[in-house]
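Peer 1: Residue 163 in the numbering used here sits at position 151 of the sequence shown, and the numbers go up by one each step.
Using N, Cα and C, we set each Cβ at its ideal position, and we do this for glycine too.
This structure is a prediction, so every number in the text was calculated from the model and none was measured.
One structure follows; several queries about it will come next.
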Amino acid sequence: MKTLRDIGIMLLMIAVQVFFLNEYLFNHYLNPYLYIYPVFSLLIFYPRFWQLIIAFALGASIDILEESAGVHAAATVFLAFIMPALSRIFGTGREDNPDVPAFKTMSLERRLGLLFVGFFIHHLVLFGLESFQWNQFGILLQRSLYSSLFSFIFVLLYQLWNARR
């Protein structure tokens, strides 16, 4: 039953991303990418192999619906791949059992740090693959930073809305 609920949440995130958020560009290029939020909150409960497969399916579904050449799938799989390292960096500091999902047990500061750094890395990979040129690295960093902040604000609003319910 939990798996069906997780699939429903991911399908809802994909639908919101493709049919709502991608239709409205803020400031002519800012787009919050909220479809990666399940990588932080849901995939940690699955075995490592399934985390990567589900992350690929999540990114590939965005690529198919947006007709982008696989950049979302690559960025989402990269994020899922480095999540254990990010969780250890921002985690609770428990080295005795690194397989314990730590996102729900993290302090608010560590959770927000993990979310922002994860968003930034995802956006940096996404926009780097999208433009595929590193000669304008400053613009790439600026776009990644602003879009990460924008996505982060949307996730904070979602968390506040969810906490109030």
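In the structure shown, what three-state DSSP assignment does LEU42 receive?
Peer 2: LEU42: strand per DSSP, three-state reduction.
Peer 1: Do TYR58 and the ligand GTP come close, with the Cβ less than 6 Å from some heavy atom?
Peer 2: Among the components modelled here there is no ligand, and therefore nothing to report on the ligand GTP.
Peer 1: So, do the region 56 to 73 and the region 84 to 92 have three or more beta carbon pairs nearer to each other than 8 Å?
Peer 2: Yes: the two stretches touch, three or more of their Cβ pairs being nearer than 8 Å.
Peer 1: Rounding to the nearest angstrom, what Cα-Cα distance links LEU54 and GLU142 in this structure?
Peer 2: Taking the straight line joining both Cα atoms gives about 26 Å.
Peer 1: In angstroms, rounded to a whole number, what distance separates the CA positions of LEU172 and SER163?
Peer 2: In a straight line, the C-alpha of LEU172 is about 14 Å away from that of SER163.
Peer 1: For SER99, does the count of other Cβ atoms within 10 angstroms reach 16, so buried, or fall short, so exposed?
Peer 2: Classification of SER99: buried, given that the 10 Å Cβ count is 16 or more.
Peer 1: Is it buried or exposed for ARG60, if we count other Cβ within 10 angstroms and need 16 for buried?
Peer 2: So ARG60 ends up on the exposed side.
Peer 1: Can you tell me which of the three DSSP states PHE32 falls into?
Peer 2: In this structure, PHE32 counts as coil in the three-state DSSP scheme.
Peer 1: Here's a check: name, in chain order, each residue in its chain whose Cβ is nearer than 7 Å to the Cβ of LEU127, leaving out the five neighbours to either side.
Peer 2: So the list reads PHE52, PHE164 and VAL167, once near-sequence residues are dropped.
Peer 1: Name the residue from LEU24, ARG17 and PHE90 whose alpha carbon lies nearest to the alpha carbon of HIS135.
Peer 2: If we check each option's Cα against that of HIS135, PHE90 comes out closest.
Peer 1: Using CA atoms only, rank isn't needed, just tell me which of TRP62, TYR158, PHE93 and ILE101 is closest to ILE19.
Peer 2: Taking only the C-alpha atoms, the option nearest ILE19 is TRP62.
Peer 1: Let's test the definition: count the other Cβ atoms within 10 Å of the Cβ of ARG155 and tell me whether it reaches 16, buried, or not, exposed.
Peer 2: That one is buried.
Peer 1: With DSSP run on the structure shown, which of helix, strand or coil describes SER80?
Peer 2: Here SER80 sits in coil by DSSP.
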